[in-house]
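Those sequence lines, one after another, are chains A and B.
Using my numbering, the first residue of the first sequence is number 1, and each one after it goes up by one.
Using my numbering, the first residue of the second sequence is number 1, and each one after it goes up by one.
Heads up: the structure comes next, in structure tokens.
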Amino acid sequence: MDTNTTLIGLAGVLASAAPVLFAVMGETLTERAGIINLSMNGTILLSAMGGFAVAYTTGSLALGFLAGMLIGAVVAFIVAFSSITLHQSQVAVGFVLALAGRDLSYFLGVPYMNQPGPSLPGWSIPLLKDIPILGPLFFRQNLMTYLSYLVIILAWLWIFRTRPGLMLRGIGERPAAAYVRGANVKLLRYIYTMIGGALIGLAGPAYTLNVKAGWMGTQTGLDGIGWIALSITIFGGWNPLRAAFGAYLFAFLQWLGLVLQASLPGIPTQVLQVAPFPLMILTLLLVNIGDAEWVQRSLAAMPAGTRRVAIRLLRALRASPPASLGVPFESE
Amino acid sequence: MKKNLWTNIGFQVGALVLALLIATLILVAVGAPPFKTYASIISGAFGSTNNIEEVLITWSPLLLTTAGVLITFSAGLWNIGVEGQMTLGAIFTTWILRLLQGSSVPPALIIVLGILAGMIGGALWASLAGALKTFGGVNEIFGGLGLNFVSTALTIYLVFGPWKRPGVGSMSGTQPFDQALWLPTLPKTELSLWALGISVLVIAVVYILLRGTHIGLRLKAVGKNPKAAFLMGVPTWQYSMFAFLLCGAFAGLSGAIQVTSVYHRLLPNISNGYGFLGLLVAMLINYQAIWAAPIAFFFAALNIGSVQLQIIYKLDSSFAGVFQDLLVLLVLIGEGARQRFLRKG
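Structural data, given as structure tokens:
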């Protein structure tokens, strides 16, 4: 494979990671506020169908993307309302919504199946596109891909470099303390869950109006993406930069699977497509294992030198969830 | 106490009515005649003996996955990996059947061994999620999801790779087994009384286990408050692991039954969503095993009744799913509303 083909392939990786990135950033924001939105798989499918349907009917791409975000925010509102206001299990409600979104998208999407719809045109950034290597890689994409770069940076800056971001981390870690500091914990959780939901909802049309244009019912091939995005969020340790790395790694491995297909004819495509999963489980294991009791015990039993190295290694890998993730908050 | 019971029932009926109302609105929105649609779902599920047999064929694997997740739910575990555990059951059963097919082992014994292997396969797969949780600190939801994808990949690999049909592999699955290796069915149908009997037996065992035994009590203690249970001397992680193993065995049994009595071969997507549907049933019945059989039957009837909607009204058969999801969602929300507005009042 020559350099040019590789570059085009890698640029494709960046483009195909965009929808996953939106979803992962949305979930990261949501979980930072202490809420798990498990509905992602359904939200993405429903917004993929809804966004396509709106763009197809109105002929407006912008309305299609907006519709996707609106659907995501509405689903997120149901999660927020049942967990924050009604104290139901976030996992249970999210899981049901994950199934409901999927079933509803297949049911309502029948009239739009296999219809030729609009899709987002490419747009190279003037000047930047001519930089050798970096130009074709990063700057000959389309608006959604550029937006995905932007969302990563903004999410990171917001969470770690602003005052409201500090508050966001506060309501996810120690809501009681944030409350004493004057934060309206419940309201903020509503807001972040719905903003996160809108981002997750953007992932849907980012597929059906862009990366995998069109709605094909169960053949659209999006069922499962939400669960993948959920794993990447955990892999990312609730840090946008690390999560972005996870999303790109996933897209890269999928591309690699397709490339390797040519040299490994004995293995069906579908197998290589899921190759990232064992890797994902392994990383989840590495990320979490430092907290396991038996690891702590065997660390204590190690000689001092080895222990220091082992602890440093585990700490580098480790990512702890926000301390109050999934825990309801009551001000009284 | 009695008043509580009635408001309880009131909220459940309210959720059902609301789910029907919303489903009807959705039908109107897509331009389908709602009452005719409901009528054809009912006739599709119960209109002929053939339909009723189909419902029972669907009921049995669903009842088994429900039975399994009732165990893990009792231990406070969200075993979302039940789908993959069912798949591994199917794979292990297929493996044994392929291995012993054509040998001198009597067919009945091969079937029994195959089903046992399926249970072991499911339990082993569940033990992975359990080990990840217990020794690796990986939440069972994420471990289970990852393992679900791996199990799907494994099935596809086997169907297109080592176990492919003579000639070329296809999505229609592996070469079907000899009829001697089929679980005996009623004449002219695919309904196996063995499969039905096993499922009913399993849900009965789960009911008794959770309701009237020492083990069940400890399991629930671990689920409600693991720290307190541990302090009371309950070996916590061992009970979690036990719940995973048992659930996996039942899910594997479900997969084994799909292979031996329904499809007679391994298919991609052989779990067919029964694992997730089992989780829904368990939530809807508020984790009370006594209701598992009727509600799983109701869900099975909805699924079968909706199949022909596609032919009659060009509606997608996912309508059954839409209604089931709505119902569970509204019951959850209704339960929250009841606790919030009644207890405080």
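Beta carbons: idealized from backbone N, C-alpha and C, even for Gly.
Tell me which residues share the same chain as residue i and place their Cβ nearer than 7 Å to its Cβ, disregarding the 5 neighbours each side in the sequence.
{"i": "B/Pro-356", "result": "Outside the shown range of chain B (1 to 345) lies residue 356 of chain B, about which nothing can therefore be said."}
{"i": "B/Ile-295", "result": "Val-281, Leu-284, Ile-285"}
{"i": "B/Glu-54", "result": "Ile-304"}
{"i": "A/Ile-44", "result": "Ala-23, Ile-200, Ala-203, Gly-204, Leu-222, Ile-225, Gly-226"}
{"i": "A/Ser-184", "result": "The residue asked about is misnamed: residue 184 of chain A is Asn in this sequence, not Ser. Around A/Asn-184: no qualifying Cβ."}
{"i": "B/Val-234", "result": "Arg-218, Ala-221, Val-222"}
{"i": "B/Phe-276", "result": "Glu-83"}
{"i": "A/Leu-157", "result": "none"}
{"i": "A/Glu-27", "result": "Asn-37, Met-40, Gly-196, Ile-200, Ala-229, Leu-230, Thr-233"}
{"i": "A/Arg-318", "result": "Val-287, Gly-290"}
{"i": "B/Gly-14", "result": "Gly-334"}
Leaving out five residues before and five after residue i in sequence, what residues of the same chain have Cβ atoms less than 6 Å from its Cβ?
{"i": "A/Thr-6", "result": "none"}
{"i": "A/Ser-320", "result": "none"}
{"i": "B/Gly-345", "result": "Low local confidence applies: a pLDDT of 46 at B/Gly-345 is under 50, so the model's placement there is unreliable, with the coordinate-based value given in what follows. So no residue of the chain qualifies."}
{"i": "A/Met-302", "result": "none"}
{"i": "A/Ala-53", "result": "Tyr-112"}
{"i": "A/Ser-148", "result": "Ala-18, Leu-21"}
Could you give the residue range of the alpha helix (DSSP H) that holds residue i?
{"i": "B/Leu-64", "result": "49–74"}
{"i": "A/Ala-206", "result": "185–206"}
{"i": "A/Gly-59", "result": "Neither: A/Gly-59 is in no alpha helix (DSSP H) and is coded neither H nor E."}
{"i": "B/His-264", "result": "It is not in any alpha helix (DSSP H) - B/His-264 carries neither H nor E in the DSSP assignment."}
{"i": "B/Val-234", "result": "It is not in any alpha helix (DSSP H) - B/Val-234 carries neither H nor E in the DSSP assignment."}
{"i": "B/Phe-299", "result": "292–307"}
{"i": "A/Ala-243", "result": "240–261"}
{"i": "A/Val-327", "result": "Counting along the chain, A/Val-327 falls outside any alpha helix (DSSP H), and DSSP gives it neither H nor E."}
{"i": "A/Gly-94", "result": "90–108"}
{"i": "B/Phe-177", "result": "Counting along the chain, B/Phe-177 falls outside any alpha helix (DSSP H), and DSSP gives it neither H nor E."}
{"i": "B/Lys-224", "result": "214–224"}
{"i": "A/Tyr-112", "result": "Looking at the DSSP string, A/Tyr-112 is not in any alpha helix (DSSP H), and its letter there is neither H nor E."}
{"i": "B/Pro-107", "result": "107–136"}
{"i": "B/Ile-285", "result": "No alpha helix (DSSP H) holds B/Ile-285; DSSP gives it neither H nor E."}
{"i": "A/Gly-217", "result": "Premise fails: A/Gly-217 is in no alpha helix (DSSP H) and is neither H nor E."}
{"i": "B/Lys-314", "result": "Counting along the chain, B/Lys-314 falls outside any alpha helix (DSSP H), and DSSP gives it neither H nor E."}
{"i": "A/Gly-305", "result": "304–317"}
{"i": "B/Glu-190", "result": "From DSSP, B/Glu-190 is part of no alpha helix (DSSP H); its letter is neither H nor E."}
{"i": "A/Phe-235", "result": "225–235"}
{"i": "B/Gln-85", "result": "82–100"}
Excluding five sequence neighbours on each side, which residues of the same chain lie with their C-beta closer than 8 Å to the C-beta of residue i?
{"i": "B/Leu-332", "result": "Met-283"}
{"i": "A/Ala-251", "result": "Val-13, Leu-14, Ser-16, Ala-17, Val-20"}
{"i": "A/His-87", "result": "Pro-328"}
{"i": "B/Met-1", "result": "Residue confidence for B/Met-1 is low, a pLDDT of 48 falling below 50, so the modelled location carries little weight; the figure read from the coordinates is stated next. Cβ within range, chain order: n/a, list empty."}
{"i": "A/Pro-121", "result": "Asn-142"}
{"i": "A/Leu-279", "result": "Leu-253"}
{"i": "B/Leu-70", "result": "Val-206, Leu-210, Ala-282, Tyr-287, Ala-289, Ala-292"}
{"i": "A/Phe-77", "result": "Tyr-190, Thr-193, Met-194, Gly-197"}
{"i": "B/Leu-302", "result": "Ile-41, Ala-45, Ala-320, Phe-323, Gln-324"}
{"i": "A/Ala-11", "result": "Pro-136, Leu-137, Phe-138, Arg-140, Gln-141"}
Using only the heavy atoms of the ligand MG, determine whether one of them is closer than 7 Å to the beta carbon of residue i.
{"i": "B/Ala-249", "result": "Summarising the ligand content, the structure contains no ligands, and the ligand MG is consequently not present."}
Interface residues of chain E around residue i at Cβ under 8 Å?
{"i": "B/Val-222", "result": "Going by chain labels, chain E is absent from the structure shown, which instead holds the protein chains A and B."}
Going along the region 261–288 of chain B in order, which residues come within less than 9 Å of chain A, judged by CB to CB distance?
-> Pro-268, Gly-273, Phe-276, Leu-277, Leu-279, Leu-280, Met-283
Determine, using beta-carbon pairs with one atom in the region 232–240 of chain A and one in the region 277–294 of chain A, whether at least three such pairs fall under 8 Å.
-> yes
Inside the region 126–190 of chain A only - alpha helix (DSSP H) runs reaching at least 4 residues | 134–138, 143–161, 163–173, 175–180
If we count Cβ pairs, one from each stretch, closer than 8 Å, do we get three or more for the region 152–159 of chain B versus the region 104–118 of chain A?
-> no
What residues in the region 150–167 of chain B have a beta carbon less than 9 Å from any beta carbon of chain A?
-> Val-150, Thr-152, Ala-153, Leu-154, Ile-156, Tyr-157, Val-159, Phe-160, Gly-161
Near-chain B residues of the region 286–311 of chain A - C-beta to any C-beta below 7 Å | Asn-288, Ile-289, Asp-291, Ala-292, Trp-294
Where the region 133–152 of chain B meets chain A: residues whose CB sits under 9 Å from a CB there = Thr-134, Phe-135, Gly-136, Gly-137, Val-138, Asn-139, Ile-141, Phe-142, Gly-143, Leu-145, Gly-146, Leu-147, Asn-148, Phe-149, Val-150, Thr-152
For the region 138–172 of chain B, which segments carrying the beta strand (DSSP E) assignment without a break, of at least 3 residues, lie completely within its bounds, in sequence order?
-> none
Could you run through the region 170–195 of chain A and flag, in chain order, every residue whose CB is less than 7 Å away from some CB of chain B?
-> none
Can we say the region 172–192 of chain A touches the region 86–100 of chain A, given the rule of at least three CB pairs closer than 8 Å?
-> no
Check each residue of the region 31–65 of chain A: if its Cβ is closer than 7 Å to any Cβ of chain B, include it; give the result in chain order.
-> none
The region 250–261 of chain B in contact with the region 121–141 of chain B per 3-pair CB rule at 8 Å | yes
Interface residues of the region 27–48 of chain B facing chain A [CB-CB below 7 Å] = Val-30
Using Cβ-Cβ distances below 8 Å, what residues of the region 326–343 of chain B are close to chain A?
-> Leu-326, Val-328, Leu-329, Leu-332, Ile-333, Glu-335, Gly-336, Ala-337, Gln-339, Arg-340
What are the residues of the region 203–229 of chain A that lie near chain B, defined by any Cβ-Cβ distance shorter than 9 Å?
-> Gly-217, Thr-218, Gly-224, Trp-227, Ile-228
Is there contact here, the region 72–88 of chain B with the region 257–275 of chain B, by at least three beta-carbon pairs under 8 Å?
-> yes
Mind checking the region 92–103 of chain A against chain B and listing, in chain order, the residues whose C-beta falls within less than 8 Å of any C-beta there?
-> Ala-92, Val-93, Phe-95, Val-96, Leu-97, Leu-99, Ala-100, Arg-102, Asp-103
Say whether the region 156–176 of chain B touches the region 115–122 of chain B, bearing in mind that this needs 3 or more beta-carbon pairs closer than 8 Å, one atom from each stretch.
-> no
Which residues, taken in chain order from the region 71–91 of chain A, show a beta carbon closer than 9 Å to some beta carbon of chain B?
-> Ile-78, Phe-81, Ser-82, Ser-83, Thr-85, Leu-86, His-87, Gln-88, Ser-89, Val-91
Pairing CB atoms from the region 234–245 of chain B with CB atoms from the region 57–68 of chain A, are three or more of them under 8 Å?
-> no
Which residues, in order along the region 307–319 of chain B, keep a beta-carbon less than 8 Å from a beta-carbon of chain A?
-> Lys-314, Leu-315, Asp-316, Ser-318, Phe-319
Going along the region 103–128 of chain A in order, which residues come within less than 7 Å of chain B, judged by CB to CB distance?
-> Asp-103, Leu-104, Tyr-106, Phe-107, Leu-108, Val-110
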